[in-house]
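Working notes, structure below.
Protein chains in written order, with my numbering: chain A, 1 to 242; chain B, 1001 to 1242; chain C, 2001 to 2242; chain D, 3001 to 3242.
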């Protein structure tokens, strides 16, 4: 059994509610956080709207004077310190929340940076996603969150997302207590538990290996030196047999 | 430098053209295939419409008698033999091709199967995507292809996709020869070369490690035994500090 | 109350099952068809896989000899005869079915054609979508179907889609009969009934008006003559006050 | 030729730049606005980040005390006054901007309201979308914007979107002035001009008709009374012939 006690995980709750205690997504994030904490991972669950984040494709909006305050740089430092990142979003109209896109935009503003090996900044880290809503949209949201993270350098493990939604139509959200129901809504959903479990463990397994290996080898993937290795330009696009 | 000569890669061209030689996507797939072949990977580039594939969420459409012929099972065997899978699709109306979805459906029909460790069937493999069009849609298509593969068990490496599209509007496709232009269309696009290079190498790096490690550890991710490990059901969804 | 008896509606079931009777999506399509038929609309519900449709961005695959048989042109004639088109798709892995994309591709192959006014071919018609699955994806599928139809010239009425999905996880599909349940699955879902009702009526209302008005006026939207009217090229992109 | 002088159009620029003058999307929005203004439409082009908008599924964030300031209600009044709404967004990582989703969320918060006929609030209005980026994503963004608007009651005309993107890879954005190029980037793109022209005119045509007709007839689409008309619940889901 590998040791996970040197790993750090950051879970960002991209709820659009200012009051963290009102977020349903937080509850499923807490389950994933709990699994990782049980293995000794240093876990932080952060409610993005507890902070004041500027809009813009900028690293720090106070530097160009566009805003007097911007809490993003502190969050970015936490992201850079973490081996594992989990983005959590509610679903509205089948889509990920504005706050989730705000987080992606701000992370993307740093994506031109390089790690010490010359790879994109987020190489060597792994990411997953948690999505909840009252109905419809888990996969559509996860798809965008995970693609964005892979695009900037994260490794995506197998079965990297989990979520809960109810049957088509308005209705309660994850963890709501409804009269006449034994249990808070969704707390008897084994599919959600299973996916949350698999995601959380696969994030730890993948982070463990990436950390032990010191990230990815550098051949062919250094952002500014890719053409020094065997590369696509030199291949024959008409070749049909291999 | 790791040795990649024991790896197998399968590239599936999901063009909607029956004649493989007319496919533009094939050209970018060939570049990725070329990189991998240069490292001794056993590479196959397969044109899906050279085969007759049945529709349906079935493993073999001849078994239930719905079709007299179904070439899918032979392709599925190639997929299972390969360490690396690359799905290539053209873009139509901003979306991935019907043939790409057909491939996903047929792979998904096997997803209830388990590997020898009790994990979902495609664990221990890695996948990427190649997308071309005359304009608009690389990311929207990649997102769906990669999400589908991650969902059924593939590991997705950093920067797992590449593509080429031209400026907004009708126009030539990847590799088209246009009078007055020095070079076939897109063959001077460094961004496409770079992404194709990074994707191809990261697939090899990731496949190498997965193969060396014998896939993923089994804690928490066995499809039918996830609840025997520390799991989401047992965590406190109201926990706020970790 | 307007008269709808001169309208025609075509509902295309893009199930991936060859046997129409096994399709769950058909059941919700039948409800929409029923509403329209009750108002005297000439309705046809067609199961796409009852036909043999070629792949390709071609009007008729037998013309270039790529296929010996292609049933598409007959379906295209029905589409052109209909005032209302409803595309129905099941959800697989959160995405629309391959058959739905095949239909879009084949319709798109005619999109360069013009109507008698010089507008794109599908002007003056209206479209909606019906989506079912056991869980997750109605909006993601509808979004693609409706966008594709709007893009080629259909008018999209308010609330143009309906669907049914169950709670997160595997489970029964629309209309499945389950022991211990009073009613087939989803047949007590008012949200699905409401959306199906609104969609069906709004399609009729919109088709009625488009037909009465002879489609859309031609100013500014003739495919090959748009620049003869006041147009975007002649506007000042730096203008800030209006 | 219809008279459009009694129509109002609101164009919301969902750029993530605080300084409107730095937005590229604004330039294409201005072209659409110009076309409509030339016909006497009362046009307003509003830069969303000139205002301070709260997050949340709330009508006015000052009412529950979650924020001291919330400029949304004033924007909502403009939306309700307008016959035509155009949402403009830049593309980041292939996706619509956070600000665009923020706008959708805030509009959605009012969607439970009814118009004077008992239909959803936004009935009788029409919407389009304008998307720009340096590369890739126009359709993916438009799809989400238009679906959201249709879902809450807007009618979507044929060819309801336009955009500009360059060839795959980093590069200039719409209207950028580049040394050695005759013209600002994209200002020679006829496809973009054509789509912007068609969209703008079709919005006017559609708004004209909706206004003249007093919105949509009410049969079957009153939010709380749909079941008083012929409806989906009463149809036979097993009916196969019509």
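Every residue, glycine too, gets a C-beta built ideally from N, C-alpha and C.
Q: Going by CA-CA distance only, name the one from 175/A, 227/A, 229/A, 220/A that's closest to residue 23/A.
A: Your numbering for residue 23/A matches position 23 in the first chain. Here the closest residue by C-alpha is 175/A.
Q: State the Cα-Cα distance for the pair residue 1164/B and residue 2014/C, rounded to the nearest angstrom.
A: Here residue 1164/B refers to the residue found at position 164 of the second chain. Here residue 2014/C refers to the residue found at position 14 of the third chain. So the two alpha carbons sit approximately 30 Å from each other.
Q | residue 3155/D - partner residues in DSSP beta bridges | A | Sequence index remark: in the fourth chain, residue 3155/D carries index 155 (1-based). 3126/D.
(Q) Below 8 Å, how does it come out for the stretch 3225 to 3235 of chain D and the stretch 2029 to 2039 of chain C: are there three or more Cβ pairs, yes or no? (A) yes
Q: Below 9 Å between beta carbons is the criterion; list the residues of the stretch 151 to 184 of chain A that meet it against any residue of chain B, in chain order.
A: 151, 152, 153, 154, 155, 156, 157, 158, 159, 160, 161, 162, 174, 175, 184
Q) Closer than 8 Å, CB to CB, is residue 3012/D near chain C or not? A) By 1-based counting over the fourth chain, the position of residue 3012/D is 12. Not one chain C Cβ lies under 8 Å of residue 3012/D.
Q | When 1094/B, 1228/B, 1059/B, 1039/B are compared against residue 242/A, the one with the closest alpha-carbon | A | To locate residue 242/A, count along the first chain from 1; it is residue 242. Residue 1039/B is the option with its Cα nearest to residue 242/A.
Q) Which partner residues of residue 43/A appear in the DSSP bridge assignment? A) For the purposes of this step, residue 43/A is taken as residue 43 along the first chain, with counting starting at 1. DSSP, once it has assigned bridges, lists 9/A as partnering residue 43/A.
Q. Using 8 Å as the Cβ pair cut-off and three pairs as the minimum, do the stretch 1070 to 1079 of chain B and the stretch 2076 to 2096 of chain C touch?
A. no
Q: Kindly list, in the order they appear in chain D, the residues whose Cβ is closer than 7 Å to that of residue 2090/C.
A: On the third chain, position 90 is the one that residue 2090/C refers to. What residue 2090/C touches in chain D: nothing, since even the nearest Cβ is about 15 Å away.
Q. Beta strand (DSSP E) containing residue 1084/B: first to last residue?
A. On the second chain, position 84 is the one that residue 1084/B refers to. Per DSSP, residue 1084/B belongs to the beta strand (DSSP E) from 1084 to 1092.
Q. Is the stretch 3152 to 3170 of chain D in contact with the stretch 2150 to 2161 of chain C, if contact means three or more CB pairs nearer than 8 Å?
A. yes
Q: For the beta strand (DSSP E) containing residue 3165/D, list its first residue and its last residue.
A: Taking the first residue of the fourth chain as 1, we reach residue 3165/D at position 165. Note, residue 3165/D: beta strand (DSSP E), 3161 to 3166.
Q | is_contact[residue 1192/B, chain D] using C-beta, thresh 8 Å | A | Looking up residue 1192/B in the second chain gives position 192. Residue 1192/B counts as touching chain D.
Q: Sort 1228/B, 1200/B, 1171/B, 1078/B by Cα distance to residue 1103/B and report the nearest one.
A: The sequence position of residue 1103/B within the second chain is 103, counting from 1. Considering only alpha carbons, the answer is 1078/B.
Q.
So if DSSP puts residue 114/A in a beta bridge, which residue, or which two residues, is it bridged to?
A. Working through the first chain from its first residue, we reach residue 114/A at position 114. Note: residue 114/A sits in a beta bridge opposite 120/A.
Q: Please list, in chain order, all residues of the same chain as residue 1149/B whose beta carbon is under 6 Å from its beta carbon, the five residues on each side excluded.
A: As a first step, residue 1149/B must be located in the second chain, where it is residue number 149. 1127.
Q) Given residue 2026/C, which residues of its chain have a CB within under 8 Å of its CB, disregarding the five upstream and five downstream residues? A) Sequence index remark: in the third chain, residue 2026/C carries index 26 (1-based). Excluding positions up to five away in sequence, the list reads 2013, 2015, 2020, 2045, 2047, 2088.
Q | Selection of the stretch 1013 to 1025 of chain B by Cβ proximity to chain C, strictly under 8 Å | A | 1016, 1017, 1018, 1019
Q.
To the nearest angstrom, how far is the alpha carbon of residue 225/A from that of residue 1211/B?
A. As a first step, residue 225/A must be located in the first chain, where it is residue number 225. As a first step, residue 1211/B must be located in the second chain, where it is residue number 211. Near 27 Å, if we compare the C-alpha coordinates of residue 1211/B and residue 225/A.
Q. Does the count of Cβ pairs from the stretch 1053 to 1061 of chain B and the stretch 1191 to 1211 of chain B closer than 8 Å reach three?
A. no
Q: Taking residue 1005/B as the reference, give the member of 1030/B, 1137/B, 1192/B, 1043/B with the closest Cα.
A: One-based indexing of the second chain puts residue 1005/B at position 5. Looking at the Cα atoms, 1043/B is the closest of the given residues.
Q: Would you please state the rounded distance, in angstroms, between the beta carbons of residue 139/A and residue 1147/B? I believe it to be under 8 Å.
A: Sequence index remark: in the first chain, residue 139/A carries index 139 (1-based). Sequence index remark: in the second chain, residue 1147/B carries index 147 (1-based). Indeed, because the Cβ distance is near 7 Å, the residues count as touching under 8 Å.
(Q) For residue 142/A, which residues in the same chain have their Cβ closer than 6 Å to its Cβ, ignoring the five residues on either side in sequence? (A) Along the first chain, read from residue 1 onward, the residue named residue 142/A stands at position 142. If we look at residue 142/A and ignore the five residues flanking it on each side, its Cβ neighbours are 129, 131, 161.
Q.
Can you confirm whether residue 1136/B, when its beta carbon is compared against all beta carbons of chain D, has any partner nearer than 8 Å?
A. Within the second chain, numbered from 1, the residue matching residue 1136/B stands at position 136. Yes, residue 1136/B counts as interfacial toward chain D.
Q: Return yes when the Cβ of residue 1009/B is within less than 8 Å of the Cβ of residue 236/A, no when it is not.
A: Within the first chain, numbered from 1, the residue matching residue 236/A stands at position 236. Within the second chain, numbered from 1, the residue matching residue 1009/B stands at position 9. Contact flag unset, no.
Q | CB contact flag (residue 2192/C, residue 2119/C, <8 Å) | A | Along the third chain, read from residue 1 onward, the residue named residue 2192/C stands at position 192. Along the third chain, read from residue 1 onward, the residue named residue 2119/C stands at position 119. Going by C-beta atoms, residue 2192/C is not nearer than 8 Å to residue 2119/C.
Q | Alpha-carbon to alpha-carbon, residue 3110/D and residue 2070/C | A | Here residue 2070/C refers to the residue found at position 70 of the third chain. Here residue 3110/D refers to the residue found at position 110 of the fourth chain. For residue 2070/C and residue 3110/D, the distance between alpha carbons rounds to 48 Å.
(Q) Considering only their Cβ atoms, is the gap separating residue 3166/D from residue 3172/D smaller than 8 Å? (A) Your numbering for residue 3172/D matches position 172 in the fourth chain. Your numbering for residue 3166/D matches position 166 in the fourth chain. Yes. Within cutoff.
Q: Please specify which runs of the alpha helix (DSSP H), each continuous and at least 4 residues long, are wholly inside the stretch 2023 to 2069 of chain C, giving them in chain order.
A: 2025 to 2038
Q: Using a threshold of 8 Å, state whether the C-beta atoms of residue 209/A and residue 1209/B are closer than that.
A: The sequence position of residue 209/A within the first chain is 209, counting from 1. The sequence position of residue 1209/B within the second chain is 209, counting from 1. In contact: residue 209/A and residue 1209/B (Cβ atoms closer than 8 Å).
(Q) When you compare the CB of residue 1143/B with every CB in chain A, is at least one pair closer than 8 Å? (A) By one-based count along the second chain, residue 1143/B stands at place 143. Taking Cβ atoms only, chain A reaches closer than 8 Å to residue 1143/B, which makes this a yes.
Q: Using a Cβ-Cβ cut-off of 8 Å, state whether residue 2065/C counts as contacting chain B.
A: Reading the third chain from its first residue, position 65 is the one you call residue 2065/C. Output row for residue 2065/C: interface = no.
Q) What's the C-alpha gap between residue 3134/D and residue 3200/D? A) Taking the first residue of the fourth chain as position 1, residue 3134/D is located at position 134. Taking the first residue of the fourth chain as position 1, residue 3200/D is located at position 200. If you take the alpha carbons of residue 3134/D and residue 3200/D, they lie about 23 Å apart.
Q) Roughly how many angstroms lie between the CA atoms of residue 3123/D and residue 3216/D, to the nearest whole one? A) The sequence position of residue 3123/D within the fourth chain is 123, counting from 1. The sequence position of residue 3216/D within the fourth chain is 216, counting from 1. In a straight line, the C-alpha of residue 3123/D is about 7 Å away from that of residue 3216/D.
Q) Looking at C-alpha atoms only, which residue of 3178/D, 3186/D, 3168/D is the closest neighbour of residue 1194/B? A) Position 194 of the second chain holds residue 1194/B. Among 3178/D, 3186/D, 3168/D, the Cα nearest to that of residue 1194/B is on 3168/D.
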